[in-house]
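Using the numbering used here, read the sequence shown as starting at 1293 and increasing by one per residue.
Even for Gly, the Cβ is constructed at its ideal location relative to N, Cα and C.
As the structure is a computational prediction, the values presented were derived from the model and not from experiment.
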Amino acid sequence: MKNLMVLLTAAGVLWVGTSIAADVSAGKAAAQAKCVQCHEADDWEGESAASLEGIIRDIVAGKVKHKNKLVLTPSEIADIAAYWGTGGKG
């Protein structure tokens, strides 16, 4: 039982340590640099940042068809999703 508690504690610390805090300002900059040719922030009005992050992650992974190959870091994905999730008001 003690080993299980140690394992669960370590897993929790690892998970918290790897979570990404989204930065709306960085997302705006990244979206303007990499996405604005085809997408505007208000295209995503009403979508949550979480659903947008999932969609963008799937595009980057090649699971969802996209006009161009999309190369983004996990931080850029979270940031763009957070920005688009504001409908461009962030």
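In the DSSP annotation of this structure, Ser-1340 is not part of any alpha helix (DSSP H), being labelled neither H nor E.
A residue is called buried when at least 16 other Cβ atoms come within 10 angstroms of its Cβ; Cys-1330 does not meet this threshold and is exposed.
Comparing alpha-carbon positions, the option among Ala-1333, Gln-1324, Ser-1343 lying closest to Gly-1379 turns out to be Ala-1333.
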